[in-house]
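Number of protein chains: 2
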Amino acid sequence: MYNFLENILHYLLFFSSVHTLTDSLFSTSSGFTNYRGLLNLCIVLLVLSNARVALENLLKYGILIDPFVILGYVFREPYHWPCIALLLASNVFINVCYFIELALSSRAISERLGVLLHVVNCGATLIFPAGVILVVHPLPFLSSLTLGYYTSLFLKMISYACVNRWCREKAYAPKRRKTLSGVQAPSASQLNGTAEIAYGDSPLQHYPENLTLKDLYYFICCPTLCYELNFPRTTRIRKRFLVKRVVEMLFMMQIIAALVQQWMIPTVQNSLEPFMNSNFSVMITRIFKLAIPNHFIWLLFFYWFFHSCLNVVAELLKFGDREFYKDWWNAETVQAFWQTWNVPVHRWGKRHLYVPMLKWGFTKFQASVTVFLVSAFFHEYLVSVPLRMFKLWSFMGMAGQIPFAMLVARFLHGKYGNMAVWLSLILGQPAAILMYVHDYYVLNR
Amino acid sequence: MYNFLENILHYLLFFSSVHTLTDSLFSTSSGFTNYRGLLNLCIVLLVLSNARVALENLLKYGILIDPFVILGYVFREPYHWPCIALLLASNVFINVCYFIELALSSRAISERLGVLLHVVNCGATLIFPAGVILVVHPLPFLSSLTLGYYTSLFLKMISYACVNRWCREKAYAPKRRKTLSGVQAPSASQLNGTAEIAYGDSPLQHYPENLTLKDLYYFICCPTLCYELNFPRTTRIRKRFLVKRVVEMLFMMQIIAALVQQWMIPTVQNSLEPFMNSNFSVMITRIFKLAIPNHFIWLLFFYWFFHSCLNVVAELLKFGDREFYKDWWNAETVQAFWQTWNVPVHRWGKRHLYVPMLKWGFTKFQASVTVFLVSAFFHEYLVSVPLRMFKLWSFMGMAGQIPFAMLVARFLHGKYGNMAVWLSLILGQPAAILMYVHDYYVLNR
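Chains B and H, in that order, give the protein sequences. Numbering-wise (the numbering used here), the first sequence opens with residue 400 and increments by one. Numbering-wise (the numbering used here), the second sequence opens with residue 400 and increments by one.
Put into structure tokens, the structure is as follows:
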């Protein structure tokens, strides 16, 4: 028996052929396509090269992280008071908006006068804080936050005025269309927005029941820019979820601040010299060098703001719609990216700018371009006013998205389109940052 | 009709609900898992960060690439003649091996004496070139190539001797096993290797027909280390395929040489100082910094040698088995990597070391360890002798694979095992290179 097994083993091991007629795997004729492991290689290389950069940074600069620096800036300098005062002053605009709507609903003023008053009020919402900041010139960082708040207030008040006007149009309009076309006019519940899927204990609101200060302030606090009479609500505040998001929020804020102090600021400072001398090839390496930390910080910021912060606010307000972002990381066109990365702004632009423009007879292309240009204006507004410097880099960066989007849509598809989107994100921001820092430095030193 | 459409449009656009009860995509409750785009981000970041490094390198060093430097080394220095003389001298060992086999087949000498003569001849094949190189000390690079050739010759002659001995054992042995177990002894065609799938015009060879110098030299030239009486053959030389591989071979050789000159040598030179001062943290960053170019060059070298060069040789010799490598890039264990990246050596180790050891009663683990240690010996042999420096870094690097393989197999699976394999490849080589360069520098300056 042992001999038998040995015989088989001997035969199998020594006389089974070692060589067979085979192609090499890299030859196309082999039909082999499994290069999955190379993706792991990419990840390992990325981690390694960044570990090296981080270690070099530490050896060169030591630890620059100081959590109290930021608090110190905020509390020690006298410049932050204008920002807090401005935040408090925003209540004036909110209340004016509310009383215009109240007057409109009771027909105390005409629709036309109402539009005019809203335009004046919303215009003031943008111009007043900008004027204060230009004159007082507080810390640019705090000023930019304040202007961001005012911008969202501006967008929210426009949405509030529009929706209330549509409600009046529907509620008070003669029902002529019904007889004409046989189409039923929207029922009362349909008129009032997401009636069917609204949650919570409170009964559905109908116009003009919604015209209360409480309702308006709820909308101002909510993480959305589009007003509706009945928002989808959750039934309760999930404590585990809330705690997780709050911890994320506090923890990531520290990480972001630390990365900015340790990695961004030294890199930006090192980059100033080649920009001063307009040494083009060194400028390019500096943009590349800044691109990596900037992009990581932007990714962290994205998660921090759009997932952690907005979910905390929504959870506290029992606000049900958490779609603050879609899967922009898979976007294969520039347009898809802008439609998915910031859903609140995208929804506002679509509802209150793009669709009305289509209704007024503009083409889709014209409407898209307008949305981009308005967005470009606000990007510039949030940067130029705090820096007191009107260089249009932000505006041009956003406006440049239009031809770039057309090029990508025309020539790159699928994976390559996605890579082009990433590339524009990774390189566009550091280029703009270095432009602004350079100009600010030239202007102020 | 227009009113009808307008009515529907108005209804759809303004009163379809903007908000719905939705989870954020990052919340686990959303069930969303499509992060495909992030892989594209990884690739873009890798390309970008290496583009930056390449640009910085160019700005710092200018162009260091000089294709004639290498040719100059080879032709101008007198030190390359020993290597060429050694290559020619190898014919002596081949012929000795042939005549031992001839004597064995005609029973002019006993099997025992044959083994002794083979051991002496094979031993001399390793010791003689090493002795010449240690005494004459030619260029380390050329010496290493020469020793590599002698190592493959050593392995091939062992395989040749073993296979011929097995043939004699089978052909002249009494057929006692047949009667004992009922198992048929392998038929003549089975005995002679891959008879059934051999190609080409020549009829199948049977022992001792194969004992010709032509057959032996064909085996010495073939891209395999395992002898068989009948190799699978292709019917013709595919000219398109051959031209492609030759172009690849010449082109990639230039690329590899350029990368070594432009990227490796300055990095290694910069790394010497921290190694001299044993500044540990700077040493780590230098290993990381060297790891990326080294790994790229290694990947290029792999393709160049195992795909382009070996396929050129095989195509010219109409050698049919092109499995010079398997998909090692997907290897999820260290063992799988060593079994797949260098198939000729792996096959030799399995056929002439691992399996015989199992037959002699050793355990699988003992056999594996022996294969690793023999491989470690040859790694050391190929590096230490040309450098005239016996530091055992290579040996320890290979021997260290054994506990590393056990750790990876125990704790990491799937994707993480694959990453660990990559990591050891990426970091192990530059660490060993810097050790050797450092020691060589200390010894010679």
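Virtual Cβ for every residue (Gly too), placed ideally from N, Cα, C.
In this model, Asn710 (chain H) and Arg721 (chain H) are separated by some 7 angstroms (Cα to Cα). In the three-state scheme derived from DSSP, where H, G and I count as helix and E and B as strand, Asp720 (chain B) is classed as strand. For the alpha helix (DSSP H) assignment, the uninterrupted runs of no fewer than 4 residues enclosed by the region 670–742 of chain B are, from N- to C-terminal side, 679–701, 709–715 and 733–739. Within the region 766–836 of chain B, the runs of alpha helix (DSSP H) that reach at least 4 residues and sit entirely inside it are, in chain order, 792–798 and 800–810. Close to Lys725 (chain B), with beta-carbon spacing below 8 angstroms, are these residues of chain H in chain order: Leu424. At a cut-off of 8 angstroms between beta carbons, Asn563 (chain B) makes no contact with chain H. Under the 8 angstroms criterion on CB atoms, Ser448 (chain B) is classed as interfacial with respect to chain H.
Neighbours of Glu455 (chain B) in chain H, taken as residues whose beta carbon is under 8 angstroms from its own, are Thr684 in chain order. Only those residues of the region 626–637 of chain B whose C-beta falls short of 7 angstroms from the nearest C-beta of chain H are listed: Glu627, Phe630 and Pro631. Ranked by how close their Cα comes to the Cα of Thr666 (chain H), the residues H:Met652, H:Gln653, H:Thr684 and H:Phe679 have H:Thr684 in first place.
Under the 8 angstroms criterion on CB atoms, Lys688 (chain H) is classed as interfacial with respect to chain B. Taking each of H:Thr427, H:Phe431 and H:Val417 in turn and checking the Cα distance to Lys725 (chain B), the smallest one comes out for H:Phe431.
Arg639 (chain B) sits in a helix when the DSSP states are folded into three classes.
Taking the beta carbon of Leu641 (chain B) as reference, no residue of chain H falls within 9 angstroms; the closest one sits roughly 12 angstroms away. By the neighbour-count criterion, in which 16 or more other beta carbons inside 10 Å mark a residue as buried, Lys555 (chain B) falls on the buried side.
Scanning H:His517, H:Val491 and H:Ser489 for the CA closest to the CA of Ala502 (chain H) turns up H:His517. Between the region 440–447 of chain B and the region 434–452 of chain H there are three or more inter-stretch CB-CB distances shorter than 8 angstroms, so the stretches are counted as touching. Within its own chain, the residues whose Cβ lies closer than 6 angstroms to the Cβ of Glu500 (chain B), once the five positions on either side in sequence are excluded, are Asn563 and Leu610, listed in chain order. With contacts defined as CB atoms closer than 8 angstroms, Gly760 (chain H) and Trp728 (chain B) fail to qualify as a contacting pair. The beta carbon of Cys561 (chain B) lies closer than 7 angstroms to those of His751 in the same chain, with the five residues before and after it left out. Annotated as proximal: Leu533 (chain B) and Val784 (chain B), with beta-carbon spacing under 8 angstroms.
Within the region 791–824 of chain B, those residues whose Cβ lies closer than 7 angstroms to any Cβ of chain H are, in chain order, Lys814, Asn817, Met818, Trp821 and Leu822. In the structure shown, Thr421 (chain B) falls within a strand segment according to DSSP collapsed to helix, strand and coil.
For Gly748 (chain B), the closest Cβ of chain H is not nearer than 8 angstroms.
Pairing Leu624 (chain B) with Tyr497 (chain B) gives a Cβ-Cβ distance that is not under 8 angstroms. Flagged as an interface residue toward chain H: Val417 (chain B), by a C-beta distance shorter than 8 angstroms. One finds His418, Thr419, Leu420 and Thr421 in chain B with Cβ atoms closer than 7 angstroms to the Cβ of Asp720 (chain H), taken in chain order. Taking a Cβ-Cβ threshold of 8 angstroms, none of the residues of chain B is close to Leu715 (chain H); the smallest such distance is about 15 angstroms.
Taking 8 angstroms as the CB threshold, Val443 (chain B) lines the interface with chain H. Membership of Trp565 (chain B) in the alpha helix (DSSP H) is indicated by the continuous run Pro539 to Tyr571. For Asn676 (chain H), no Cβ of chain B is located within less than 8 angstroms of the residue's own Cβ. Around Val681 (chain H), the same chain offers Pro673 as residues with beta carbons nearer than 7 angstroms, after the five sequence neighbours per side are excluded.
Ala570 (chain H) has a beta carbon lying at 8 angstroms or more from every beta carbon in chain B. Here Tyr571 (chain H) is exposed: its Cβ has fewer than 16 other Cβ atoms, across all protein chains shown, within 10 Å. Counting the other CB atoms within 10 Å of its CB gives His812 (chain B) a total below 16, which places it among the exposed residues. Counting of Cβ neighbours within 10 angstroms places Asn629 (chain B) among the buried residues, the total reaching 16 or more.
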